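Numbering (the working numbering), first residue to last: 2 to 402.
In structure tokens, the structure reads:
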């Protein structure tokens with residue numbers, strides 16, 4: 002929505018205080034000035050103040066007009082109010098803040114040259130109103146105001162860029178979550194359904210395996226929908242969930258058994274080995290728990306998609322003395338060969354690029370200060386992730402208060 006042309010903001014209201022003070026001064030000392038000069042100078046001050054309401058939409062014209070008002074005000078006025086100077090300083094700041102520092106400097110220099118001409122050329126030494134020290138102070142004030150306005154603009158631009166990067170990072174994180182949820186479940190559904198159809202074509206009269214496969218598809222798709230609903234719920238821009246909205250807990254390491262069961266349903270022999278020794282008293286933090294879950298999930302997805310001939314999978318997790326969770330997933334499949342892929346680099350069949358596949362898993366580990374390696378072992382393929390627990394639990398080192 003386009004902002005209004007005239008905006009009476011807080012700065013404009015505060016700038017009205019000098020005009021109020023000048024008005025009181027004019028009323029008290031009106032006998033010392035002619036009515037024409039009195040009203041003319043008051044109107045010039047009021048006009049300079051009113052122009053500030055337009056400074057956001059018209060910064061340069063407002064700067065020029067406030068300078069003209071100030072230049073016309075002081076030769077006419079015998080009371081020397083401060084309203085025109087205050088209005089001009091605010092206008093110069095707004096010009097610099099809006100990205101017009103050259104125009105702001107030009108107006109400041111023009112005003113100082115005009116002041117110099119009026120004090121040294123048009124007036125005698127006895128008639129001077131601004132001494133040399135005051136003129137130097139004016140120059141310093143103008144320079145400081147312009148520099149401050151430019152600094153505020155740079156700071157605002159930096160904050161906008163930081164917010165934009167944070168928004169992009171959040172979108173990538175959510176995209177990675179959706180990829181992991183859908184990629185894993187749909188891959189298992191595809192493998193199981195394809196195998197059931199293949200066996201059903203060979204034995205048309207037998208329906209037990211087809212029924213079992215359909216039950217697996219039903220349960221897996223139900224879990225996928227539940228996780229997807231929970232992930233998409235993060236996109237809601239409301240304070241509370243709608244009444245009756247289904248909730249889905251964030252998956253974590255405690256649900257690795259569910260992943261293993263799904264993989265077993267596709268015909269794989271899956272072994273899970275965990276070492277609880279060394280686990281911090283507070284357990285694994287949510288970030289590490291989710292990352293470990295997603296890494297195992299993506300590894301099983303890659304096995305289902307690319308590990309030709311894989312029959313066994315070993316999932317291991319142990320807590321190291323240096324305060325890290327080490328998770329590995331190893332299979333005996335033959336997919337993902339090639340020199341570029343041997344150490345988890347390159348673009349082999351299991352490397353889907355940044356944001357998915359091994360690239361996505363590596364980014365998850367790096368986000369927690371950890372690392373991930375992936376490569377051929379000679380008898381299969383192994384993915385190993387090291388996830389520091391201390392990065393996810395910043396209060397772990399804090400003692401009791």
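Quick reminder that beta carbons are idealized off the backbone N, C-alpha and C, glycines included.
Bear in mind that the values here come from a model prediction, so they are computed numbers and not experimental data.
In whole angstroms, give me the CA-to-CA distance for residue 371 and residue 313. 27 Å
Residue 377 burial status per 10 Å Cβ neighbour count (16 or more: buried): buried
Simplified DSSP assignment, three categories, for residue 151: helix
On the criterion of 16 or more Cβ atoms from any shown chain inside 10 Å, does residue 132 qualify as buried, or is it exposed? exposed
Considering only their Cβ atoms, is the gap separating residue 64 from residue 105 smaller than 9 Å? yes
Taking C-alpha atoms, which residue in 98, 6, 29, 311 lies nearest to residue 380? 311
Under the assumption that residue 151 contacts residue 97 (Cβ atoms under 8 Å), give the Cβ distance between them as a whole number of angstroms. 5 Å
Give me whichever residues DSSP pairs with residue 374 in a beta bridge. 385
Give a yes or no on whether the C-beta atoms belonging to residue 20 and residue 40 are separated by under 9 Å. no
Could you pull out every residue in the same chain whose Cβ sits closer than 8 Å to the Cβ of residue 256, ignoring the five residues on either side in sequence? 294
With 16 as the cutoff for other CB atoms within 10 Å, does residue 78 come out buried or exposed? buried
For residue 272, which option in 296, 315, 298, 253 has the closest C-alpha, if you only look at C-alpha atoms? 315
According to DSSP, residue 329 sits in a beta bridge with which residue or residues? 317, 385
If you check the beta carbons only, do residue 368 and residue 296 fall under 9 Å apart? no
My output table needs one value for residue 131: the three-state DSSP class, helix, strand or coil. coil
Exposed or buried, which one is residue 149 when buried takes at least 16 other CB atoms within 10 Å? exposed
Where residue 331 and residue 172 are concerned, what is the direct C-alpha to C-alpha distance, given to the nearest angstrom? 30 Å
Beta-carbon contacts of residue 72 that lie in its chain and below 7 Å, excluding the five residues immediately before and after: 115
Inter-residue CB distance, residue 52 and residue 88 (contact presumed, cutoff 8 Å): 7 Å
Can you list, in chain order, the residues of its chain whose CB lies under 8 Å from that of residue 142, leaving out five sequence neighbours each side? 90
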